[in-house]
Each structure stands twice: as structure tokens, then as C-alpha cells.
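In this note's numbering, the protein residues as written are 53 to 353.
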């Protein structure tokens, strides 16, 4: 994204270091993703969108070889360099690979520790550090390629997952539940009222215990009624009280608690099948600790 940008490679380094130091990494089956194919991306995105990003990537490489600029800005927040397009393909591909692994019974659950994130990328637009909607594409893939009849998406990033919503709204196979700080980026939050969406806008400075109460009252009954065969998680950790990207009050234990509640639903209805994908989280220390808490619950360590 460029020097000083919060969506930086150091995010993954911090997570990796934390999992190694705490020994959690020893319990994990670590795998390299394959890039998402065009046909897979088109389950969630328009052909022009995918082609435009691929074309920009080709232009960037040519211009760099000729001594030109090393990045291209799509908007004030989102830019590409010569590595971005492939990284975005791998990020989406990781979610797809993980769906394959849990749906075939090879794994019970998976955490995709990848970047760039995805939940702001709409069907036809990259934005908010995101290029492809990894979770939305994976949800559509599960339905179309594995015949899953009911998928749930849980999004606990501090920002509204407008891209995911744009792609899955109205698809009754997919239930999306989320909370997010409001008012906040993206402007307007969500005004959609589709039956398959449960949006919980919360004001700045909402504490973790208040979020837990909302989850129990608003998420859990809808998830139980939907009876998902697979749960996908947009795991953003920027609602942490130490993260300056937002102004919510969650802590490490709140993320562990939410993960356990998600896991409870998965064990009841989905044979434990969960695919979690990293979204936000920009305070490196808080991010690393929160991911550790999340992964510990998933891995039972």
C-alpha cells in the first residue's frame, strides 16, 4: 500500500511472531494458498472489475520496468504495487482452499492469515484496502461448488463489511451477521433491509460486554434459525480498545468469547466447519494477541 500505510506486511509478521512465541504455531497445520481462478472470482465480482485490476497490474509492471512509478492509487486509502494483484489472488484463493479443506473433511476449521483484506471490496469496486471480497467469494463458492445450502458469514470488524453485503444481500442461502461502529467508514454504514442481513450499528466507545449482549440477543437466534452448514468469519480485530483505527472497546477475551460462540453454532449445525479470514487490525500488539485468542479457540489449545 505504500510506506506508512496501516495495511502493511508487518501485520502478518506480528501475528506470526506471536503464534511462534506462545507455542500456538506448533498446533497448526500450515499451508500455502493457491491463487483464485477467474471463474472463482466471478462468483462474487464482475468480469470488468477483475479485468481492470489485472490490467492495472500489467501496466504497473511495465511502467516500473521503464523507470516509472511503483504504485497506483485507486482512491485515497487503496493503492496497488507490482505485488498487490497476486497477493489479492492468493488472499481470495486461501479462503477458497480452506472451504475445500473443511467441506471435504480434511480439516474442521481454518484461519486464513492473509492480506490484503476483502470485506470492503464490492462486486465492481476495490476500496478500503480491499480488492476482492474473500469471504463473499468463498461463500458463493461453497454454495455453487460444494452444494452447501446454508452458509453464515460473521463479521466483527470495526468497519461495516459493505463489500460482502453488496455481494450476498438477497441471497437467502447466505446469512450475514455483523456489528460495526456507526457513524464511521464506510460512510452511511448499511441501510439495506434484506432478510438475510443482521446489521448491528453501535456507537463509538461501546464496550465488549455490551457487544456480547448484542451478540446473544441478535446474532445467536438468527444463526440458530438459519442452521448453517458452514460458517465464514470476517475476522477484523480493529474494534480492539487499543486500536486507533476505531473507537470501540473490545479486548482479547472478547474475541475469544465471540469465537467460542461461533464455534458452538458450528458444532451444532455445521460439523464444526469454520473458515476465518483476517480483515482489519492495525495496532500490531493488540492484533497479534487477538489473533492468538481467536486461533486458540479454533484449535483447542
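Idealized CB from N, CA, C, for every residue including glycine.
Given residue i, which residues of its chain have a CB within under 8 Å of its CB, disregarding the five upstream and five downstream residues?
i: residue 354; result: This structure cannot settle anything about residue 354, because the visible part of the chain is limited to 53 through 353.
i: residue 348; result: 76, 308
i: residue 78; result: none
i: residue 74; result: 344
Excluding the 5 residues flanking residue i on each side, which residues of the same chain have their C-beta closer than 7 Å to its C-beta?
i: residue 216; result: 171, 185, 187, 188, 205, 207, 228, 286
Taking the CB atoms as reference points, tell me whether residue i and residue j lie closer together than 8 Å.
i: residue 70; j: residue 331; result: no
i: residue 249; j: residue 221; result: yes
i: residue 139; j: residue 190; result: no
i: residue 137; j: residue 106; result: yes
i: residue 173; j: residue 182; result: yes
i: residue 224; j: residue 247; result: yes
i: residue 151; j: residue 193; result: yes
i: residue 256; j: residue 299; result: yes
i: residue 267; j: residue 310; result: yes
i: residue 333; j: residue 260; result: no
i: residue 238; j: residue 212; result: yes
i: residue 282; j: residue 325; result: yes
i: residue 115; j: residue 121; result: yes
i: residue 263; j: residue 306; result: yes
i: residue 203; j: residue 284; result: yes
i: residue 162; j: residue 342; result: no
i: residue 167; j: residue 68; result: no
i: residue 180; j: residue 129; result: yes
i: residue 90; j: residue 108; result: no
i: residue 304; j: residue 335; result: no
i: residue 72; j: residue 351; result: no
Return the bridge partner residues of residue i from the DSSP annotation.
i: residue 229; result: 206, 250
i: residue 327; result: 162, 284
i: residue 195; result: Bridge partners of residue 195: none, in fact.
i: residue 301; result: 259
i: residue 182; result: 179
i: residue 234; result: For residue 234, which the question treats as bridged, DSSP gives no partner whatsoever.
i: residue 292; result: 302
Could you name the residues of the same chain whose beta carbon sits closer than 6 Å to that of residue i, not counting the 5 residues immediately before and after it, in chain order?
i: residue 98; result: 175, 176
i: residue 142; result: 85, 87
i: residue 144; result: 88, 184, 186, 189
Going by other Cβ atoms of all chains shown within 10 Å of its Cβ, with 16 needed for buried, is residue i buried or exposed?
i: residue 314; result: buried
i: residue 280; result: buried
i: residue 92; result: buried
i: residue 265; result: exposed
i: residue 103; result: exposed
i: residue 245; result: exposed
i: residue 276; result: exposed
i: residue 135; result: exposed
i: residue 243; result: exposed
Tell me the start and end of each unbroken alpha helix (DSSP H) in the region 248-288 that is at least 4 residues and wholly inside, in chain order. 260-266, 272-278
Give, in chain order, every unbroken run of the alpha helix (DSSP H) that is at least 4 residues long and sits entirely within the region 83-156. 90-93, 99-117, 136-155
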